[in-house]
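Everything below concerns the one structure shown next.
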Amino acid sequence: MKKIETEFLDIPIIRSCNLGCVGCMTFSDHKNIKGTVNLNESIEWLEFWATKLRPKSITLFGGEPLLHPNFVDWVLKVREIWGENPAVGVNTNGYYLNNLFNRVHELFQPGNIQSIIVSIQTGTDPYLSKVEENIRILKQKIIDFYLTLPNVKTAEWYLWLDETETNKKQWFNLVV
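Start counting the sequence shown at 553; every next residue gets the next number (this note's numbering).
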């Protein structure tokens, strides 16, 4: 059976968020929809859809996906099920990027996670300062990690900053 080709596949893994944005398109700001999606219970439907769809990219999102206690496991299982292609990324508000600091060696192995979309929700502090600091530290940790890999001369990692005049909706391409 021929797979249906699509540009994007978004997989919601959590319906909880640390913010309460009025314009939340996933309604996570209403605090009526809560909880996480259980990875083990999701494997069967992930495998089913992997036989039907061929997306160019898969994005894990929520609510705030970095609040999911098994976020790294989700990334690794999606990569395992869908193979080397598509590109796998995450859409986050950036507040909990620090949850990734100690997992860089797992998440950013070549081919695992290729992009992080940080949807900036406000240009005010303390939120914006924390997100900007998290981005700065995460980028350095990714660079440091890639420099330890044998036979890796370059690597690309994409960061999209969205939703604020401060960041002008732009991609940052980190080349190591």
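Even glycine gets a Cβ: it sits at the ideal position worked out from N, Cα and C. Treat the numbers as computed from the prediction; the structure is a model and nothing was measured.
> What residue from G675, P662, W634 has the CA that sits closest to W601's CA?
Replying inline: Residue numbering aside, residue 601 sits at position 49 when the sequence shown is read from its first letter. The shortest Cα separation from W601 among G675, P662, W634 belongs to W634.
>> Using a 10 Å radius around the Cβ and a threshold of 16 neighbouring Cβ atoms, would you call H657 buried or exposed?
In response: On the sequence shown, residue 657 is found 105 positions in, with the first residue counted as 1. Exposed, since its Cβ has fewer than 16 Cβ neighbours within 10 Å.
>> Taking 8 Å as the threshold (C-beta atoms), are G615 and I566 in contact?
In response: As a first step, residue 566 must be located in the sequence shown, where it is residue number 14. As a first step, residue 615 must be located in the sequence shown, where it is residue number 63. Contact: yes.
> What is the DSSP secondary structure of K608, reduced to helix, strand or coil?
Replying inline: Sequence index remark: in the sequence shown, residue 608 carries index 56 (1-based). Strand.
> Roughly how many whole angstroms lie between the Cα atoms of L649 and L591?
Replying inline: Counting from 1 along the sequence shown, the entry for residue 649 is found at position 97. Counting from 1 along the sequence shown, the entry for residue 591 is found at position 39. Distance between the alpha carbons of L649 and L591 is about 21 Å.
> Tell me which same chain residues have a C-beta within less than 6 Å of the C-beta of I665, skipping the five on either side of it?
Replying inline: Against the sequence shown, residue 665 aligns to sequence position 113. Here the set comprises V627, V640, L659.
> Whose C-alpha, out of E684, I672, I689, is nearest the C-alpha of G572?
Replying inline: In the sequence shown, residue 572 corresponds to position 20, counting from 1. Relative to G572, the option among E684, I672, I689 whose CA is nearest is I672.
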